[in-house]
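Start counting the sequence shown at 21; every next residue gets the next number (the working numbering). Comments concern the structure below.
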Amino acid sequence: MTNNKESWANRLANLDKRWVFLCILLAVGFPLFFPIGLPMRPSQPVKDFYNVLQALPDGSMILLSGDYDPGTKAELYPQNVAILQQACKKHMKVVAIALWPTGPPMLERAFNEVAVGQYGYKYGIDYVNLGFKEGREAVMVEMGRSIRQAFPRDFYGTPISQIPLMDKVENYNSFPVLIDISAGYPGTKEFVQYTQGRFNITLLSAAPAVSVPEFSAYYQSRQIKGMLTGIAGGAEYEALIGHPALSARAMDGISFGHIVIILFILFGNVFYFLGKRTSA
21 MTNNKESWAN
31 RLANLDKRWV
41 FLCILLAVGF
51 PLFFPIGLPM
61 RPSQPVKDFY
71 NVLQALPDGS
81 MILLSGDYDP
91 GTKAELYPQN
101 VAILQQACKK
111 HMKVVAIALW
121 PTGPPMLERA
131 FNEVAVGQYG
141 YKYGIDYVNL
151 GFKEGREAVM
161 VEMGRSIRQA
171 FPRDFYGTPI
181 SQIPLMDKVE
191 NYNSFPVLID
201 ISAGYPGTKE
211 FVQYTQGRFN
221 ITLLSAAPAV
231 SVPEFSAYYQ
241 SRQIKGMLTG
251 IAGGAEYEAL
261 IGHPALSARA
271 MDGISFGHIV
281 IILFILFGNV
291 FYFLGKRTSA
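Written out as C-alpha cells, the structure is:
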C-alpha cells in the first residue's frame, strides 16, 4: 500500500511539464473564443476617461491621435475600438490624425469596423482620417496654430478644403477634448509637455500597461484628465460603455491563466510534501 501511495505521489510530482503548458493554453485561449464575462471594477482613471466623453453634448467634435503600431495592437486597438463605440453612440464627429506612420491604417481599420460598419458614419461628414504628418513636437505645436496647415490633405490625398467636416476646424480650440492613443514617442508625454498647458487642452490618454508609472504623474496633476492603460484598462472601459469585447475576453483569459498557475503551484507543493511523507 505504501509503495502504491509513493508511486502515485511521485507521478503527480513529476508530471510532464507539457501538460502544464497545455492547461495554461486552454485556460488562456478558451475565453477568447467563448467569452466568460467576469465582472470588472473600473478604476478611477478609467471612470474619469469615460465621464469626460460622456459629459460632452451629443454631436460634439473630438480630436483623436492614433500614435501606435501593430506591435502594440493587442493592447491599444481594442481601446481604439471602444473609444469609437462611446463616441459613435453619442453621434460625435471624429477628426483623426497620426504622428506615427503606422497610425493611419490602424485608425482606418477601427473606423471601418465601428463607425462605418456599426453606425453608418459617412467619411468627410461624420469622421475624417487626416493621416500621418512627420515632425513630431513641431507638428503638435503647429496644430495649435492651424490644423488645416499642419494637415493640408487627408489620408487619401484629398485637399482639406474639399472635406465638409473640416470647415469648422481651425486648431485645438475647435475640439472640447483630445484623445491620444499612445504607444510611445511621440505621444501623450509630448502632448503634455508641448501643448496641453500652452493651448489649454483637455487631454485623455489610452496607453499600454508599461506607461502606467510615467503617465500616472500627469494624471495625478490633472494634465491628463482620464487614462486607459493596457488590457485591464480597456476591459474596464468596455464594461463602462456596456460593450465587452476584445479587452474583456483577453482579461478573462489572463485571469483564468493566473488561476491555473496558482492551482499548479498549490498542487505542486502538496504533492511534494506528500511524496516526502510517503517515502519516509
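All C-beta atoms in this analysis are idealised placements derived from N, C-alpha and C, irrespective of residue type, glycine included.
Which first and last residues belong to the beta strand (DSSP E) in which residue i is found?
{"i": "methionine 160", "result": "No beta strand (DSSP E) contains methionine 160, which is instead part of the alpha helix (DSSP H) from 157 to 165."}
{"i": "asparagine 149", "result": "147 to 152"}
Hey, would you say residue i sits closer than 8 Å to residue j, going by beta carbons?
{"i": "glycine 79", "j": "histidine 111", "result": "yes"}
{"i": "glutamate 258", "j": "alanine 265", "result": "yes"}
{"i": "aspartate 200", "j": "aspartate 87", "result": "yes"}
{"i": "proline 179", "j": "phenylalanine 152", "result": "no"}
{"i": "methionine 81", "j": "alanine 255", "result": "no"}
{"i": "glutamine 99", "j": "alanine 226", "result": "yes"}
{"i": "valine 197", "j": "leucine 73", "result": "yes"}
{"i": "glutamate 157", "j": "tyrosine 214", "result": "yes"}
{"i": "leucine 224", "j": "valine 66", "result": "no"}
{"i": "proline 206", "j": "leucine 119", "result": "yes"}
{"i": "glutamine 105", "j": "valine 136", "result": "no"}
{"i": "phenylalanine 175", "j": "leucine 150", "result": "yes"}
{"i": "proline 51", "j": "arginine 269", "result": "yes"}
Contact check, residue i vs residue j under 8 Å by CB: the rounded distance?
{"i": "leucine 185", "j": "isoleucine 145", "result": "6 Å"}
{"i": "valine 101", "j": "glycine 277", "result": "About 23 Å; that fails the 8 Å criterion."}
{"i": "cysteine 108", "j": "tyrosine 70", "result": "So it is not a contact: roughly 15 Å between Cβ atoms."}
{"i": "threonine 183", "j": "valine 148", "result": "Per the sequence presented here, residue 183 reads as isoleucine, with threonine not at that position. With 8 Å as the limit, isoleucine 183 and valine 148 qualify as a contact, their Cβ atoms being about 6 Å apart."}
{"i": "lysine 245", "j": "aspartate 68", "result": "6 Å"}
{"i": "leucine 84", "j": "valine 40", "result": "Not confirmed; about 43 Å, so no contact."}
Output needed for residue i: all residues of its chain with C-beta closer than 6 Å, excluding positions within five of it in sequence on either side, in chain order.
{"i": "proline 192", "result": "Looking at the sequence itself, residue 192 is tyrosine, so the reference to proline does not match. Gly164, Phe219 and Ile221, listed in sequence order."}
{"i": "glutamate 162", "result": "Ala170"}
{"i": "valine 212", "result": "Tyr238 and Gln243"}
{"i": "methionine 126", "result": "Gly86"}
{"i": "leucine 46", "result": "none"}
Since residue i is in the alpha helix (DSSP H), which residue starts that stretch and which ends it?
{"i": "threonine 249", "result": "From DSSP, threonine 249 is part of no alpha helix (DSSP H) but of the beta strand (DSSP E) over 246 to 249."}
{"i": "isoleucine 103", "result": "93 to 109"}
{"i": "valine 72", "result": "64 to 74"}
{"i": "methionine 126", "result": "123 to 130"}
{"i": "serine 236", "result": "232 to 240"}
{"i": "lysine 209", "result": "208 to 211"}
Which one or two residues does DSSP pair with residue i in a beta bridge?
{"i": "glycine 86", "result": "Ile201"}
{"i": "arginine 173", "result": "Pro179"}
{"i": "serine 225", "result": "Asp200 and Met247"}
{"i": "valine 114", "result": "Ile82 and Tyr147"}
Given residue i, which residues of its chain have a CB within under 7 Å of its CB, disregarding the five upstream and five downstream residues?
{"i": "serine 275", "result": "Leu58"}
{"i": "proline 90", "result": "Thr122"}
{"i": "serine 166", "result": "Glu190 and Asn191"}
{"i": "glycine 250", "result": "Glu95, Pro228 and Ala229"}
{"i": "phenylalanine 284", "result": "Val40"}
Please decide whether residue i counts as near chain B, where near means a Cβ-Cβ distance under 8 Å.
{"i": "leucine 96", "result": "This model lacks chain B altogether, as it is built from one protein chain only."}
Ignore the nearest five residues each way along the sequence and tell me which others in residue i's own chain have a CB closer than 8 Å to its CB.
{"i": "isoleucine 281", "result": "Ile44"}
{"i": "glutamate 234", "result": "Lys209"}
{"i": "phenylalanine 293", "result": "none"}
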